[in-house]
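Some notes on the structure that comes next.
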Amino acid sequence: MSGEGPSTRAVHADAGVEPGVDVAPPLHLSTTYRRSGPDDELVYRRDDSRTVERLEAVLGDLEGGTAVAFASGMAAITATIRALAPARISLPPATYHGTRLLAELAELDGHLRVVDPDELGEGDVRWLETPANPTCEVADIAAISADARARGVRVVVDSTFATPVLQQPLALGADVVVHATTKAINGHSDALGGVAVSNDPQILDALRRRRVLEGAVMGAFDAWLTLRGVRTLPLRLERQCATAAALVEALEPHPVRRWYSPLPGTAWSEIARRQMSAGGSVFSFEFDEAATAAACTAAFELITVATSLGGVETLAEHRLLVDEHAPPGLIRLSVGIEDVDDLRADLLGAVEAALRA
Ligand code: PLP
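For our numbering, count along the sequence shown from 1 and bump the result up by 70.
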C-alpha cells in the first residue's frame, strides 16, 4: 500500500489476506485445518495462521519489509540471532538487559562471542537498539549500516522504542528490524508478541524455519489483540510523544538528569532529530541516589509503578530493581494517553516529594 500514510496502512494493509464480508478481523483459534489435497495452504497452526498473517501484513507494510511474528519480543530476538548464526556479535553499551543476558547465555553455550564493534567481520552481527532501553541513547543507523555492509557485517535494529511509525531502519540500511510488539505496537498491556522484519529472502526463510521448528509462534488471541492494537498506533503515538516531550520539559527546573532521545545537549540528539519523526513515548530521569528514586515511585498516585512500556496507561519503573547495570537513581517513564495536565501534576508532585524526603 505504498503511497498511503501510516494511519491508513495500519487500518487497511491486511485487507488482502482473507477475503470475506467481515469488517473486523475474525479470530481463528483452530489448531488444524481440514485437508483437501497436497496443495493446501493451511495445514496446521504452528505453520500458518491467518490471524497472525494479518498482523504480519500490517507490520511488514509499516516497516517496509516482510514480517515474521513470534511469541514474544525475546522469541523474535532469539530467532533472529540464531537465524543469522554469527560467530561474533556486538551490543551497544545501553541494551535491553534481556538481550544482553541472552547474548551472554549464547556465549556460555559456545554459540558466539560478544565483542566490540571493531572486532566484527564477515557474517557477524552488529546489534543496535535505538532508542535504547532505558536511557534513550540513539545510534546512527544509516552510518553504522553503511560501514557494516562494507565489512560483510549484518545490522539488526531493535526498534521497539521507536515503532515503525517513528523510524524506518530497513530504509536506512539495516538488514533486520525487531520489535517487542508487547509494547507500543499492541499498546494495551494485554498481549505478548514480537516480530522480525527483513527484505532478505534467506533471512526470512531462516526465521520462518526457526519459528516452525522451535515453536515460538505467536498465539492467535495475542495476534488478534495486537492487530486491534496496531490500528491506533499512529494515533496513540501522536499523543504520547507530545505528552512525553511536555513532561521532559516540565522536569527541566528540577535537579534530575533527563534522558530523552531528542533532548538538546546530548551526543545523539542531532541523530535523533534526523532519524526519527518524533522523540518517542518513553523517557527516563535520574536522581543522584537510588533512595530518592524509590521515594519518587512510592509517591506516584496516578502513574502506575510497573515494568513494561508502550501502553495507554503511564508506567514508571525504578530500573535498578530489574537491571543491576542501570544507573541506581534512574526512573523510566512510559507515557500513556492520559491528560497531560494530570500527568504533569502527578510527576512533579512525586519528584518534589522525593527530593524533600
Ligand atoms: N526489546 C526491548 C527494547 C524491550 O524493552 C523488551 C522488553 O521490555 C524486549 C525487547 C523484550 O520483549 P518481550 O518482553 O515481549 O519478550
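Just so you know, even glycine gets a beta-carbon here, dropped at the ideal spot from N, CA and C. Keep in mind it's a predicted model, so treat the numbers as computed, not measured.
| Item | Value |
| --- | --- |
| Closer than 6 Å: TYR166 CB and nearest the ligand PLP heavy atom | yes |
| Any non-hydrogen atom of the ligand PLP within 6 Å of ASP228 CB | yes |
| LEU262 Cβ short of 6 Å to the ligand PLP heavy atom set | yes |
| Spatial distance of GLY406 from GLU383 (CA atoms) | 4 Å |
| Opening and closing residue of the alpha helix (DSSP H) in which GLY86 lies | From DSSP, GLY86 is part of no alpha helix (DSSP H); its letter is neither H nor E. |
| THR78, enclosing alpha helix (DSSP H) - first and last residue | 76-82 |
| GLY289 to THR136 span [Cα, whole Å] | 19 Å |
| Distance cut-off 6 Å: ASN203 Cβ against heavy atoms of the ligand PLP | yes |
| GLN310 versus SER351 - alpha carbon distance | 5 Å |
| Contact test: MET288 Cβ vs the ligand PLP heavy atom, cutoff 6 Å | no |
| Top-ranked residue by Cα proximity to LEU175, from PRO163, ILE159 and ASP188 | ILE159 |
| Every unbroken alpha helix (DSSP H) inside the segment 303-329 [4 residues or more] | 303-320 |
| Check: GLY299 C-beta below 6 Å from any heavy atom of the ligand PLP | no |
| Boundaries of the alpha helix (DSSP H) in which THR121 is found, first to last residue | 120-133 |
| Inter-residue CB distance, ASN203 and PHE231 (contact presumed, cutoff 8 Å) | 6 Å |
| Nearest-angstrom Cα separation, counted from LEU321 out to VAL248 | 31 Å |
| Extent of the continuous beta strand (DSSP E) run through ALA137 | 136-140 |
| Beta-carbon spacing of ALA80, VAL326 below 7 Å | no |
| Proximity test, MET346 beta-carbon vs the ligand PLP heavy atom, cut-off 6 Å | no |
| 7 Å Cβ cutoff met for ILE401 and HIS388 | yes |
| Contacting residues, own chain, Cβ-Cβ under 6 Å from ASP118 (five flanking each side not counted) | LEU112 |
| CB contact flag (GLN237, MET144, <7 Å) | no |
| Cβ-heavy atom distance, THR374 to the ligand PLP, below 6 Å | no |
| Alpha-carbon to alpha-carbon, VAL87 and ARG105 | 20 Å |
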